[in-house]
Each structure stands twice: as C-alpha cells, then as structure tokens.
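Visitor: Residue numbers (my numbering): 509 to 638.
Ideal Cβ positions, reconstructed from N, Cα and C, are used throughout, including at glycine.
1. Name the two residues that bound the continuous beta strand (DSSP E) containing residue 539.
2. Please determine, among 514, 550, 538, the residue with the shortest C-alpha to C-alpha distance to residue 530.
3. First and last residue of the beta strand (DSSP E) that includes residue 549?
4. Out of curiosity, what's the CA-to-CA distance linking residue 511 and residue 571?
5. Quick check on residue 546: buried or exposed, where buried means 16 or more other Cβ atoms within 10 Å of its Cβ?
6. What are the residues that DSSP puts in a beta bridge with residue 601?
7. Where does residue 562 sit, in a helix, a strand or coil, going by DSSP?
8. If you reduce the DSSP assignment to three classes, tell me which class residue 510 lands in.
9. Drop a sphere of 10 angstroms on the beta-carbon of residue 526, count the other beta-carbons inside from all chains shown, and report buried for 16 or more, exposed for fewer.
10. Residue 548 and residue 584 - do their beta-carbons sit closer together than 7 Å?
11. Rounded to the nearest angstrom, how far is the Cβ of residue 562 from that of residue 581, given a contact under 8 Å?
12. Sort out for me which residues DSSP pairs residue 555 with in a bridge.
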C-alpha cells in the first residue's frame, strides 16, 4: 500500500490486516518501488498524488515491468495529471471505506492464492499500499 498520509495509511493497513491480508506499506514512490523490485505483493494499492518525484501512475507502470500479473488498485481524491492507469486496474475515489480495497479486489477472478479465505485461515495474498 502506498499512501503519504500517515493516518490514512495506518487506518487502511490495520483494516486490511484484520481482513487477513499481509500488508507491506510505503509513504512515497521511492519506497514503493523498492518493495516492487522484491516482487512480494499480489496487489498494489496506491495513492496517485505522492510527495517526491514518483507518483502512483509511475509506481504501477514500473511495478508491472517487474510483475506483469500484478493487480493494481488506485486510491485517490485528486490527481494533478492526466489519468494513465495500467490495463485491468481499478480506481477507488477517496474518501472510501478502509476495507474497500479488499472488497474491490473481488472484481477480479477469485482464486485461492489471491484472496483470503472467509474463515480467516492463513492465505497467500499480499497488498502493497502506502
């Protein structure tokens, strides 16, 4: 998960962990790209407008270079540049329910290795979001 607002990041990370996801998070684009190089996430949830020289569009594009199957969810309230989402991505408009990221991932084909089980048993998905 990539989110620069620490309160929003904490709220969403906690909510996703309660839903059974293993969550890696970053507060800016540079941190997110370092996580992407490790290919540890099944889903990238990213804000679009971030501090520094790397925005959410760039994060998704570069992470897809390392992992073409990476699912992407953009979460934004405002983007100062023209939208350029990667193919097959979803967009959440802030403000949103903290667990909306996990619920929107249901749009993709449900697979045991991508989404947690309903009973909370250990599962494979990881969500990278800041």
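Guide: According to the structure shown:
1. Looking at the DSSP string, residue 539 is not in any beta strand (DSSP E); the run it does join, the alpha helix (DSSP H), is 537 to 545.
2. 550
3. Per DSSP, residue 549 belongs to no beta strand (DSSP E) and is neither H nor E.
4. 16 Å
5. exposed
6. 584
7. coil
8. strand
9. exposed
10. no
11. Their Cβ separation, rounded to whole angstroms, is 17 Å, which puts residue 562 and residue 581 out of contact at 8 Å.
12. 583
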